[in-house]
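Heads up: the sequence shown is residues 1344 to 1583, going by our numbering. What follows is a single structure, written as structure tokens, with notes after it.
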Amino acid sequence: MNPLSERIDALREAIDGRERSAGIAATVLLASTLVIGGTWWWLDTRWTPPPSIFDSPVDDVVGYLAMDDFSQLSLEERMKYLGEFASRFRGFDQEDSAATAAFLAGVTGSTREQMRQNARTLAKDVLLDGAEGYFATSESERGAYLDEWLAGWQRRAEEMVTGDARAMDDDARAAEIKGDARADMTRERDPDDLPPLDSRTTARFLGLWQSDIEAASTPREQGQIIRFMEDLRVHIAFSG
């Protein structure tokens, strides 16, 4: 083979190599684009972000509570949504109140069950968050953690329902919750009575949701929550 032929062959091989490399790069780029684009399409078609609480029609705001997408929000995002919804609810005019009542009256079947499931999941996540924090705390500090957890959630509930929490520090709140819970253990209560929003309500919440929470939990989550609930009950019953 003469030198010219050798140079032509070498050039052809170099071009072929670059084409193969370019082809591989193009294939990788195409695959990445398809994966990213497909993921974006999946999220865009399957997950709906929460509507603006104060700028959206009331049926859209209430309707989001009946969507599976609500439970895909983080715990803090869900609590923020509920808090803002409660704030708007307190300021409802007659038209908004009528729209809300009409929407809820029409919630039936699978939509109603999804709303119930969202409530179960939220309750489960509240307790699971408490359990994970509890077991991550040293044993010597767990009593203080439980007092803070009880007081914090009671304060948040008051802010959500009334718009303002009572002026009490965490120690006073925890002492009141535990004292009222102990007193409540010795009294019978009509199950049809709606209790007021006070420390007794906070304590009763711990038992009220247990059966529903189990239905929304994995076995591992159930184990954590049950241990947490048992320790919390003992703490309420016997701690100072």
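All residues carry an ideal CB built from backbone N, CA and C; glycine is no exception. Please read all numbers here as calculations on a predicted model, not as lab measurements.
The criterion of a C-beta distance shorter than 8 Å is satisfied by A1494 and D1513. Here DSSP, grouped into helix, strand and coil, assigns F1413 to helix.
A residue is called buried when at least 16 other Cβ atoms come within 10 angstroms of its Cβ; F1571 meets this threshold and is buried. Comparing C-alpha distances from A1580 to each of A1559, A1524 and E1557 shows the shortest one belongs to A1524. Look at V1450 here: in three-state DSSP terms it is coil, with no helix or strand label. Taking all protein chains shown into account, G1452 has fewer than 16 neighbouring C-beta atoms within 10 Å of its C-beta and is therefore exposed.
Annotated three-state conformation of A1510 is coil, per DSSP.
By the Cβ test, the region 1452 to 1471 is not in contact with the region 1479 to 1493, since fewer than three Cβ pairs between them sit closer than 8 Å. Rounded to the nearest whole angstrom, the C-alpha separation of T1443 and L1465 is 21 Å.
For L1408, no alpha helix (DSSP H) segment is defined, and its DSSP state is neither H nor E. Here G1434 carries a coil assignment [DSSP, helix/strand/coil]. The region 1425 to 1442 makes contact with the region 1390 to 1409, as at least three CB pairs between them are under 8 Å.
Cβ contact annotation for A1515 (same chain, cutoff 6 Å, sequence separation greater than five): none. In the three-state reduction of the DSSP assignment, T1464 falls in the helix class.
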